[in-house]
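Asker: full-length UniProt numbering numbers the first residue of the sequence shown as 1 and each following residue consecutively.
For glycine and all other residues, C-beta sits at the position ideal for the given N, C-alpha and C.
Sending over a structure as structure tokens; questions will come in a sec.
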Amino acid sequence: MRLPAVATVLLLSATGCLKEISSEERLERESPSRSSAGDTPDAEALAKVHCDDTGDALTQARNVNRPEADRVMSYIDLYTSLMKRNATFEEAMNRNPDLNYTEGSQKLVAARENCIQQTADVKVEFETYVRELVDLPTVQEVKGGNTVTVARLDFTTLRQAIETLNPDDKEQLLGKVLNAEKKVAPAAAEEPTGGSNTGRKRGK
1 MRLPAVATVL LLSATGCLKE ISSEERLERE SPSRSSAGDT PDAEALAKVH
51 CDDTGDALTQ ARNVNRPEAD RVMSYIDLYT SLMKRNATFE EAMNRNPDLN
101 YTEGSQKLVA ARENCIQQTA DVKVEFETYV RELVDLPTVQ EVKGGNTVTV
151 ARLDFTTLRQ AIETLNPDDK EQLLGKVLNA EKKVAPAAAE EPTGGSNTGR
201 KRGK
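The following block contains the structure:
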């Protein structure tokens, strides 16, 4: 009769061990979220993140002699890059608040504020341009002796710009693009002008 009793004690002990292990496993499963801060850039790595190198990209985006689709893509690339840099600062400083107070923190804070300001400025400029394109998405050109309506740039690129900006009235802007697309002849829609506006009449 003692053997079953011993077996019972062993079984209960084993069960208790299993419960302890599961608790540890739960803690280990939670630890990645805590240890993931190790993947966050430290002060030295974060010091390499800045937004002082946007001049050339902005000049390209502003160049009225470039095809409008290329200008829009330049804005998209620049704005996306700035957003990523802002996200890096935000994540690093939220996970490691000490970065705001360590040696050299003033430079980090200043770099972060500069990125925030640069992003805001580029967004305003980018959005203003995109809204202009949405309001006047087509131009009139003479082809074969006839005046035809053609797209200023391919509508896919224009949609991508709207999605990147993600304004509150995104759906309304996308709707305007769709309506403009319906008014352009299929052949003309496939061959957007994209270039200078010289000698063209803009039309809605």
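Between the C-alpha atoms of V184 and A151, what's the straight-line distance to the nearest angstrom?
Answerer: Here residue 184 corresponds to residue number 184 of the sequence shown, with the count starting at 1. Here residue 151 corresponds to residue number 151 of the sequence shown, with the count starting at 1. Each residue's Cα considered, the two are about 7 Å apart.
Asker: Please work out which residues of its chain come closer than 6 Å, Cβ to Cβ, to R71, disregarding the five sequence neighbours upstream and downstream, and give them in chain order.
Answerer: Here residue 71 refers to the residue found at position 71 of the sequence shown. Correct list, in chain order: A61.
Asker: Per DSSP, what are the beta-bridge partners of T102 in this structure?
Answerer: Taking the first residue of the sequence shown as position 1, residue 102 is located at position 102. Its beta-bridge partners do not exist; DSSP assigns none.
Asker: Suppose you measure from the CA of V177 to the CA of E44; what does that come to, to the nearest Å?
Answerer: The residue given as residue 177 occupies position 177 in the sequence shown. The residue given as residue 44 occupies position 44 in the sequence shown. About 45 Å.
Asker: Shortest alpha-carbon distance to D169 belongs to which of L153, R131, G145 and T138?
Answerer: Here the question's residue 169 lines up with position 169 in the sequence shown. It is R131 whose Cα lies nearest to the Cα of D169.
Asker: Look at the alpha carbon of I116 and the alpha carbon of F126, and state the distance between them as a whole number of angstroms.
Answerer: Here residue 116 refers to the residue found at position 116 when the sequence shown is read from its first residue. Here residue 126 refers to the residue found at position 126 when the sequence shown is read from its first residue. Going from the Cα of I116 to the Cα of F126 covers about 15 Å.
Asker: To the nearest angstrom, how far is the alpha carbon of N96 from that of E181?
Answerer: In the sequence shown, counting from the first residue as 1, residue 96 sits at position 96. In the sequence shown, counting from the first residue as 1, residue 181 sits at position 181. Their backbone Cα atoms lie some 49 Å apart in a straight line.
Asker: In the DSSP assignment, find the beta strand (DSSP E) that holds V150 and state where it starts and stops.
Answerer: Looking up residue 150 in the sequence shown gives position 150. Here the beta strand (DSSP E) through V150 covers N146 to A151.
Asker: Determine the closest residue to D121 out of V142, E91 and L78, with distance taken between C-alpha atoms.
Answerer: Indexing the sequence shown from 1 puts residue 121 at position 121. Ranking V142, E91 and L78 by Cα distance to D121 puts L78 first.
Asker: DSSP three-state label for K170, please.
Answerer: As a working mapping, residue 170 is identified with position 170 in the sequence shown. Correct three-state label for K170: helix.
Asker: From this set, M83, A110 and I76, which residue's C-alpha is nearest L58's C-alpha?
Answerer: For this step, residue 58 is matched to residue 58 along the sequence shown. Here the closest residue by C-alpha is I76.
Asker: Assuming contact is defined by CB atoms lying nearer than 8 Å, are N51 and Q106 in contact in what I supplied?
Answerer: Within the sequence shown, the letter at position 51 stands for residue 51. Within the sequence shown, the letter at position 106 stands for residue 106. Contrary to the premise, residue 51 reads as Cys rather than Asn in this sequence. Contact: no.
Asker: Among L82, L108 and N65, which has the Cα closest to the Cα of D42?
Answerer: Taking the sequence shown and counting its residues from 1, the one referred to as residue 42 is at position 42. Nearest option by C-alpha distance: L108.
Asker: If you draw a straight line from the C-alpha of M83 to the C-alpha of N94, how long is it?
Answerer: As a first step, residue 83 must be located in the sequence shown, where it is residue number 83. As a first step, residue 94 must be located in the sequence shown, where it is residue number 94. Computed Cα separation, rounded: 16 Å.
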